[in-house]
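Trainee: For the sequence shown, the numbering used here begins at 221 and goes up steadily by one. The C-beta atom is built at its ideal place from N, Cα and C for all residues, glycine as well. Model, not experiment: these values are computed from the prediction.
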Amino acid sequence: MKNNEMTFSHEQIHRIQIDIIAPNGLGFGEGSISASAQLKSGELSPEAYNAGLDILQHDNRVVQPIDSDAVDDGCGDGRPAAAVYCVEGGERKYFNKSRRRAKVFGGGLVAFTSMQRSVAQVLDGAEPTNLASDHKNSASNLRELKILYGAHTDTHAHGDNCGCGAIDKYPLITANALAYRQQITDVVELFYNSDKSSEKTKLVNAVFESYKTLASSTDYFAGTNGKVTMDYIESDGAVIKQLSDNHLEDYVFFNEIEDTTFDQRKFDEIMKERGIDSTAQVFAVDMWRGRMYADAAAKLHVAHAQDAERYQQACDVAFVDFIIRTAATAATLTDGSLPVAYARAV
221 MKNNEMTFSH EQIHRIQIDI IAPNGLGFGE GSISASAQLK SGELSPEAYN AGLDILQHDN
281 RVVQPIDSDA VDDGCGDGRP AAAVYCVEGG ERKYFNKSRR RAKVFGGGLV AFTSMQRSVA
341 QVLDGAEPTN LASDHKNSAS NLRELKILYG AHTDTHAHGD NCGCGAIDKY PLITANALAY
401 RQQITDVVEL FYNSDKSSEK TKLVNAVFES YKTLASSTDY FAGTNGKVTM DYIESDGAVI
461 KQLSDNHLED YVFFNEIEDT TFDQRKFDEI MKERGIDSTA QVFAVDMWRG RMYADAAAKL
521 HVAHAQDAER YQQACDVAFV DFIIRTAATA ATLTDGSLPV AYARAV
């Protein structure tokens, strides 16, 4: 089999194209996760850094099918899992294997809640109430659609934090969507396939305005923090991965190939195959999973009516929200120096 071909579980062969779309990173961010800082300190060697880049672009084994029994999703955090569990009857039930599942920052409930809030505000003019109530409403909607989601915590979690930056820093991420609005708009244009028509520009601006409403609210985030959110996610029966070690991500990988994901542990294996002893990690986001959630938000918004135009508007708003929150999360957690790869089926 050629290096740019793979056989997936549905027995179709995909040709994969992986491009490094931002060799020096997105160039914006205020977070502590930094490829450049790791290189400067010697924590990451130039040899390991360059090997990782080469693997991302030229070794398609890093893109693998999600496990057939992993129909939920998790976060794109690059750290390994120390434990995997769900809560049943108030007690943790542990699993023996970490499944390969789809990845979106914060997990599906966090992403979907943000999408639904933007759709409600942009298309219905609905005023925001409270993030905790939005989580419950979105979880109910996902159950209606029979969509499962997951999340992660970590071994360092304490106090009001759950260990997932996309959850713990949700209010700050919302504010940073506005602080980095121009740079994030460029990212939206990359993934939204915008033709820069006046209507699409107006839609993108409307989603940013919905973020402005949330960021200026004195009540929306009240009573909600990372621990409260994770407690709810656990009570909803989601599978949680408890991650270990420190953040050492050096790259970001966006994946458009449906039913596949970036396999971070396969990346580790390939680095070792090359004789590279490295701590390098990779953030991963499955854009196709975001599109799936956007479709779900649109279906709920039109209340299953046959309104194609309204459906498309809702789908567009939801997916633009997904890109904005993904980019704002990256800007909050990293300093923008992590190279970005983009995988597509061709």
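Using 10 angstroms around the beta-carbon of Ile236, count the other beta-carbons present and answer buried if the total reaches 16, otherwise exposed.
Mentor: buried
Trainee: Applying the criterion that 16 or more other CB atoms from any shown protein chain within 10 Å of the CB defines a buried residue, is Ala386 buried or exposed?
Mentor: With 16 or more other CB atoms across the displayed protein chains lying within 10 angstroms of its CB, Ala386 is buried.
Trainee: Using the three-state DSSP reduction, which class does Asn280 fall into: helix, strand or coil?
Mentor: helix
Trainee: Who are the near neighbours of Tyr305 in its chain, counting only those whose CB is closer than 8 Å to its CB and skipping five residues on each side?
Mentor: Short of 8 Å from the beta carbon of Tyr305, and not among the five residues preceding or following it, lie these beta carbons of its own chain, in chain order: Arg312, Lys313, Tyr314, Phe315, Val459, Ile460 and Gln462.
Trainee: Please determine if the stretch 319–338 and the stretch 286–297 are in contact, where contact requires at least 3 C-beta pairs separated by less than 8 Å.
Mentor: yes
Trainee: So, for Asp380: in the same chain, excluding its five sequence neighbours on each side, which residues have a beta-carbon less than 7 Å away from its beta-carbon?
Mentor: Asn445, Gly446 and Lys447
Trainee: Is there a Cβ from chain B that is less than 8 Å from the Cβ of Leu264?
Mentor: No chain B is present in this structure, which holds just one protein chain.
Trainee: Taking all protein chains shown into account, decide if Glu489 is buried (16 or more other Cβ within 10 angstroms of its Cβ) or exposed.
Mentor: exposed
Trainee: Helix, strand or coil for Gly370? Go by DSSP, reduced to three states.
Mentor: Strand.
Trainee: Under 8 Å, do Gly510 and Phe542 count as touching if we go by C-beta distance?
Mentor: yes
Trainee: In angstroms, rounded to a whole number, what distance separates the CA positions of Glu250 and Thr552?
Mentor: 6 Å
Trainee: For Lys492, count the other beta carbons within 10 Å of its own beta carbon; 16 or more makes it buried, fewer makes it exposed. Which is it?
Mentor: exposed
Trainee: Does DSSP classify Asp248 as helix, strand or coil?
Mentor: Correcting the residue type first, residue 248 is Phe in the shown sequence and not Asp. Three-state DSSP puts Phe248 in coil, outside helix and strand.
Trainee: So, is Ala500 buried or exposed, given that buried needs 16 or more other C-beta atoms within 10 angstroms?
Mentor: Label assigned to Ala500: buried.
Trainee: For Arg485, is the classification buried or exposed, using 16 other Cβ atoms within 10 angstroms of its Cβ as the cut-off for buried?
Mentor: exposed
Trainee: I think Arg545 touches Ala371, with their Cβ atoms under 8 Å apart; what is that distance to the nearest whole Å?
Mentor: So it is not a contact: roughly 15 Å between Cβ atoms.
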